[in-house]
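*Asks:* In the working numbering, the protein residues as written are 3 to 320. Positions of the beta carbon are idealized from the N, C-alpha and C atoms, including for glycine. Keep in mind it's a predicted model, so treat the numbers as computed, not measured. The structure follows.
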Amino acid sequence: MTGYTVPMALTDAQLAEIDAARAETRPTLRATVPALEEILHVPLPVLDHGFVRVIDYMGDDAAVVQAARVSYGRGTRKVSEDRGLINYLMRHRHTTPFEMCEIKFHVKLPVFVARQWIRHRTANVNEYSARYSVLDREFYIPAPEHLAAQSAVNRQGRGAVLAGEEAAHVLALLRDDATRSYDHYLEMLNETESGERRDPTRDGLARELARMNLTVNVYTQWYWKTDLHNLLHFLSLRADPHAQYEIRVYADAMAEALRRWVPMVHEAFLDYRMGAAMLSAKMLAVVRRMLAGETVGQAESGLGAREWRELMAVLDRA
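Put into structure tokens, the structure is as follows:
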């Protein structure tokens, strides 16, 4: 298969299925986006065995504009006017027009990432069921540069990267535990990896029970369909530098699909969401005092220590 990078986790059958899907074209009167069509069905590699791929979509930049104006067609307005309207909608958080566009992803991801992801409840999700099927022997093992100690100042964050013998020991534990748990999983099922019965004298444990023994770095898959407004909300949280690395790389891949799909919305999203900052009323009052020439420190600002640090970070001040 040519034209795109193939995740090493895909089987020959899956590659053939993707080629067949991309070879089939259909005439349509719906809006299509050539840049997104280029990667439709294509797996964008993420982590060591994961991927994100766009399966289907509805709408484009013009659909957002059309919904905002409630017009019959695309109209004759200039692109600059459409961009200005999208910027206005994004700037003032008028979200309904963005809900008129939808996109569906096929995602392969570690279970612990999926459990964090599923907190975003404004989507339609259908996950691979380990009650009916046997999960593959695929586990997420972090690259050494992503093995970090617990942060001393952030309970949800990472600190310094582990190195040397400690890093090697952690990686060995992750591999050994995941492999051992999967071996026991197959033993309880009484199945080989190819699905054959291992011991004809044993029944084997039900799949819905045997799955409890698997580690949370095993890979699962799902279809995840959402509208553009909720996709932007997901990306604003998960593509943020403060998000956990393992979910952030999925958000980055989806952001590339967003850029191809709705470039004007993507541009506005970067400008008014990802590149912007929200200030509280107290923060804004401090900024106004500073602009008036007053020297303001944390003690007289009325801000707590954490909020003060956040304001100084926004203002790029030490």
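Using only the alpha-carbon positions, how far apart do methionine 3 and aspartate 21 sit?
*Replies:* The residue you call residue 3 lines up with position 1 of the sequence shown. The residue you call residue 21 lines up with position 19 of the sequence shown. Residue placement at methionine 3 is flagged as unreliable, the pLDDT there being 40, under the threshold of 50; the coordinate-derived value follows with that caveat. Computed Cα separation, rounded: 7 Å.
*Asks:* Per DSSP, what kind of secondary structure is methionine 3 in: helix, strand or coil?
*Replies:* Locating residue 3 in the sequence shown gives position 1, where the first residue counts as 1. Here the model assigns methionine 3 a pLDDT of 40, short of 50, so the residue's position is not dependable, and the following value carries that caveat. DSSP, read as helix, strand or coil, puts methionine 3 in coil.
*Asks:* List the residues that DSSP assigns as beta-bridge partners of aspartate 229.
*Replies:* Here residue 229 refers to the residue found at position 227 when the sequence shown is read from its first residue. Its beta-bridge partners are Glu104.
*Asks:* Tell me which residues share the same chain as arginine 93 and place their Cβ nearer than 6 Å to its Cβ, disregarding the 5 neighbours each side in the sequence.
*Replies:* Position 91 of the sequence shown, counting from 1, holds the residue named residue 93. Here the set comprises Tyr274.
*Asks:* Is DSSP giving proline 47 helix, strand or coil here?
*Replies:* For the purposes of this step, residue 47 is taken as the residue at position 45 of the sequence shown. In the structure shown, proline 47 sits in a strand (DSSP, three-state: E or B).
*Asks:* Would you kindly work out how many angstroms separate the C-alpha atoms of glutamate 129 and asparagine 219, rounded to a whole number?
*Replies:* On the sequence shown, position 127 is the one that residue 129 refers to. On the sequence shown, position 217 is the one that residue 219 refers to. Glutamate 129 and asparagine 219: Cα-Cα distance of roughly 16 Å.
*Asks:* Just tell me which of Val298, Ala241 and Leu233 has its CA closest to the CA of alanine 125.
*Replies:* In the sequence shown, the residue the question calls residue 125 occupies position 123. The candidate whose alpha carbon is nearest that of alanine 125 is Leu233.
*Asks:* Considering only their Cβ atoms, is the gap separating alanine 33 from alanine 64 smaller than 8 Å?
*Replies:* Here residue 64 refers to the residue found at position 62 when the sequence shown is read from its first residue. Here residue 33 refers to the residue found at position 31 when the sequence shown is read from its first residue. The answer is yes: Cβ separation under 8 Å.
*Asks:* Residue range of the beta strand (DSSP E) that methionine 60 falls in?
*Replies:* For the purposes of this step, residue 60 is taken as residue 58 along the sequence shown, with counting starting at 1. Where methionine 60 is concerned, the enclosing beta strand (DSSP E) stretches over 52-60.
*Asks:* Grab me the residues of alanine 255's own chain with a C-beta within less than 7 Å of its C-beta, minus the 5 sequence neighbours each way, in chain order.
*Replies:* Residue numbering aside, residue 255 sits at position 253 when the sequence shown is read from its first letter. Around alanine 255: Leu46, Val48 and Val54.
*Asks:* Going by the DSSP bridge assignment, what does proline 112 pair with across the sheet?
*Replies:* One-based indexing of the sequence shown puts residue 112 at position 110. Looking at the DSSP assignment, proline 112 forms a beta bridge with Tyr221.
*Asks:* Return the first residue and the last residue of the beta strand (DSSP E) that glutamine 246 is part of.
*Replies:* Position 244 of the sequence shown, counted from the start, is the residue given in the question as residue 246. No beta strand (DSSP E) contains glutamine 246, which DSSP labels as neither H nor E.
*Asks:* Tryptophan 224: which of Ala257, Leu175, Lys284 and Val115 sits nearest, CA to CA?
*Replies:* Translated into the one-based positions of the sequence shown, residue 224 becomes position 222. Among Ala257, Leu175, Lys284 and Val115, the Cα nearest to that of tryptophan 224 belongs to Val115.
*Asks:* Cβ of isoleucine 120 within 8 Å of Cβ of arginine 262?
*Replies:* Taking the first residue of the sequence shown as 1, we reach residue 120 at position 118. Taking the first residue of the sequence shown as 1, we reach residue 262 at position 260. No. Outside cutoff.
*Asks:* Between which residues of its own chain and arginine 133 is the CB-CB distance below 7 Å, once the five residues before and five after are set aside?
*Replies:* Numbered from 1 along the sequence shown, position 131 holds the residue referred to as residue 133. Hits under 7 Å: Arg209 and Glu210.
*Asks:* Compare the beta carbon distance of leucine 230 and cysteine 103 with 8 Å and say whether it is the shorter of the two.
*Replies:* On the sequence shown, residue 230 is found 228 positions in, with the first residue counted as 1. On the sequence shown, residue 103 is found 101 positions in, with the first residue counted as 1. Using a Cβ distance threshold of 8 Å, leucine 230 and cysteine 103 count as a contacting pair.
*Asks:* Once you ignore the five residues that flank isoleucine 105 on each side, which residues in its own chain have a CB closer than 6 Å to its CB?
*Replies:* Counted from its first residue, the sequence shown places residue 105 at position 103. Within the same chain, Tyr59 come within 6 Å of isoleucine 105 by CB-CB distance, once the 5 residues on both sides are set aside.
*Asks:* Consult DSSP for glycine 166 and reduce its assignment to one of helix, strand or coil.
*Replies:* For the purposes of this step, residue 166 is taken as residue 164 along the sequence shown, with counting starting at 1. Glycine 166: helix per DSSP, three-state reduction.
*Asks:* Below 8 Å between beta carbons: does that hold for aspartate 84 and valine 67?
*Replies:* If you number the sequence shown from 1, residue 84 lands on position 82. If you number the sequence shown from 1, residue 67 lands on position 65. For aspartate 84 and valine 67, yes; Cβs fall inside 8 Å.
*Asks:* Quick one: what does DSSP say tyrosine 278 is sitting in, helix, strand or coil?
*Replies:* Here residue 278 is taken as the residue at index 276 of the sequence shown, counted from 1. Reading the sequence as shown, one finds alanine at residue 278 and not tyrosine. Here alanine 278 sits in coil by DSSP.
*Asks:* Taking 6 Å as the limit between beta carbons, can you name the residues of its chain near methionine 344, skipping five residues before and five after?
*Replies:* Residue coverage of the chain in this structure runs from 3 to 320, which leaves residue 344 outside it and unanswerable.
*Asks:* Return the CA-CA distance between methionine 214 and valine 127, expressed in angstroms with no decimal places.
*Replies:* The residue you call residue 214 lines up with position 212 of the sequence shown. The residue you call residue 127 lines up with position 125 of the sequence shown. Approximately 21 Å, taken between the alpha carbons.
*Asks:* Can you say whether glycine 277 is buried or exposed, counting buried as having 16 or more other CB atoms within 10 angstroms of its CB?
*Replies:* Start at 1 with the first residue of the sequence shown, and residue 277 comes out as number 275. With fewer than 16 other Cβ atoms within 10 Å, it is exposed.
*Asks:* My output table needs one value for alanine 132: the three-state DSSP class, helix, strand or coil.
*Replies:* Within the sequence shown, residue 132 is the residue found at index 130, counting from 1. Here alanine 132 sits in coil by DSSP.
*Asks:* With DSSP run on the structure shown, which of helix, strand or coil describes alanine 33?
*Replies:* If you number the sequence shown from 1, residue 33 lands on position 31. Assigned with DSSP and collapsed to three states, alanine 33 falls in coil, not helix or strand.
*Asks:* Note the first and the last residue of the continuous beta strand (DSSP E) segment covering alanine 150.
*Replies:* For this step, residue 150 is matched to residue 148 along the sequence shown. 150-152 is the span of the beta strand (DSSP E), which, as asked, contains alanine 150.
*Asks:* Within the continuous alpha helix (DSSP H) that includes alanine 15, where are the two ends?
*Replies:* To locate residue 15, count along the sequence shown from 1; it is residue 13. From DSSP, the alpha helix (DSSP H) with alanine 15 extends over 14-25.
*Asks:* With DSSP as the reference, label valine 127 as helix, strand or coil.
*Replies:* Locating residue 127 in the sequence shown gives position 125, where the first residue counts as 1. Secondary structure of valine 127 (DSSP, three-state): strand.
*Asks:* In whole angstroms, give me the CA-to-CA distance for glutamate 39 and proline 243.
*Replies:* To locate residue 39, count along the sequence shown from 1; it is residue 37. To locate residue 243, count along the sequence shown from 1; it is residue 241. Straight-line Cα distance between these residues: approximately 29 Å.
*Asks:* Which of the three DSSP states, helix, strand or coil, is assigned to glutamate 83?
*Replies:* Within the sequence shown, numbered from 1, the residue matching residue 83 stands at position 81. In the structure shown, glutamate 83 sits in a helix (DSSP, three-state: H, G or I).
*Asks:* Assign lysine 80 to buried or exposed, taking buried as 16 or more other Cβ atoms, counted over all protein chains shown, within 10 Å of its Cβ.
*Replies:* For this step, residue 80 is matched to residue 78 along the sequence shown. Exposed.
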